[in-house]
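**Student:**
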Amino acid sequence: MKMMRRSLLAVMLGGLMIQPVVSMAAGDAAAGKTKFATCAACHGADGKGNGGAFPALTHLNAADAETILTAFKKGDMATLKAHNLGGARYGTMAPQAANLSPADIADLAAYIATLGGGAQAASAPAAAAPAAAAPAANMIKADANIGFGHALFSSCAVCHGAEGEGGKLLNAPKLSGLPVSATTSMLEMYKSGKQLGQYSYVMNAQAKYLTPEEIRDLAAYISQMNVKGADNNMAQTE
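When you line the sequence shown up against mature numbering (1 follows the signal peptide of the UniProt record, and there is no 0), it's residues -25 to -1, 1 to 213, in that order.
1) Specify, as a first and last residue, the run of the alpha helix (DSSP H) that H125 falls within.
2) Locate the alpha helix (DSSP H) running through Q199, then write down its first and last residues.
3) Three-state secondary structure (DSSP) at S175?
4) Can you say whether M200 is buried or exposed, counting buried as having 16 or more other CB atoms within 10 angstroms of its CB?
5) On a Cα-Cα basis, can you pick out the residue from A157, G122, S175 that is closest to F29?
6) Confirm, please, whether the CB-CB distance from A119 to N36 is below 7 Å.
7) Buried or exposed: which applies to L150, given that a residue is buried once 16 or more other Cβ atoms fall within 10 Å of its Cβ?
8) Measure from the alpha carbon of G7 to the alpha carbon of each residue in A147, M164, L90, then state which is nearest.
9) Starting from P77, follow the alpha helix (DSSP H) in both directions and report where the run begins and ends.
10) Can you tell which of Y176, L127, C14 has its C-alpha closest to the C-alpha of L75?
11) Taking all protein chains shown into account, do 16 or more other C-beta atoms lie within 10 angstroms of the C-beta of Q173, making it buried, or fewer, making it exposed?
12) Could you give the DSSP three-state label for P154: helix, strand or coil?
13) How is residue 249 classed by DSSP in three states: helix, strand or coil?
14) If you draw a straight line from the C-alpha of P77 to the C-alpha of I43, how long is it?
15) Quick check: what's the CA-CA separation for L185 versus K116?
16) If we call anything under 7 Å between Cβ atoms a contact, is L153 one with I197?
17) Taking the C-alpha atoms as reference points, what is the distance between L171 and M178?
18) Among residues of its own chain, excluding the 5 on either side of D82, which ones have a beta-carbon nearer than 8 Å to its beta-carbon?
19) Using only CA atoms, which one of P187, P148, H58 lies nearest to C134?
20) Look at the alpha carbon of Y165 and the alpha carbon of I190, and state the distance between them as a whole number of angstroms.
21) Going by the CB atoms, is the gap between A84 and A40 shorter than 7 Å?
22) Give the range of the alpha helix (DSSP H) segment to which K56 is assigned.
Take a look at the structure:
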């Protein structure tokens, strides 16, 4: 009788342990490919990254990608630290992950797993979606003054470098080419006093007195850094 009870208990516990694995496999890679358009603006359409500020995603399996995206959404710093994430990257990713539903996260995770060949590739019809949709993540507002943003950036350049390449001072991350939406979100959070990393106090002080128009112009300028023709665009707005 005791053996039977133990066997039943083992079966019940085994079922509970298997359940999370089932939920991890529920993502739709084809749907995730379309949703990846915003991610592609920083991490590249192939997920191979863009310098230290935007790491490659090709090494992630679906389970890790789902865990990391969920941690960014929930602000789970312990999990992010375990994956060597957080700090400035949290400031970039938190606003991007905030509005993702569990289904969105599962779909994105399923697609990210295909970038390194870890799962069956997403179906062909969605192949062109990231390239077509990515510019929307970097949309510059019509009334943005890139020239004024360039002037404002002189203060940022002290830590982040004249070309936005990043610097050793306070571990300042690379900014050049950062999408408008990401820069705007980060500056607004710093302005509100939110702590996003070890050196947040520096950015809180810098962003505290920025007006919405100045944030708009800075974001527009940063998005154009290291882009061919940026100098011409800047000259036209000055």
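The beta carbon of each residue, even a glycine, is placed where N, CA and C say it ideally should be.
Remember, it's a predicted structure, so these values are computed and weren't measured experimentally.
**Tutor:** On the basis of the supplied data:
1) 121 to 135
2) 187 to 199
3) helix
4) buried
5) A157
6) no
7) buried
8) L90
9) 77 to 90
10) C14
11) exposed
12) coil
13) This structure cannot settle anything about residue 249, because the visible part of the chain is limited to -25 through 213.
14) 12 Å
15) 17 Å
16) yes
17) 9 Å
18) Excluding sequence neighbours, D82 sits near G2, D3, A4, A6, G7, K10.
19) P148
20) Going from the Cα of Y165 to the Cα of I190 covers about 11 Å.
21) Cβ atoms of A40 and A84: closer than 7 Å.
22) 52 to 57
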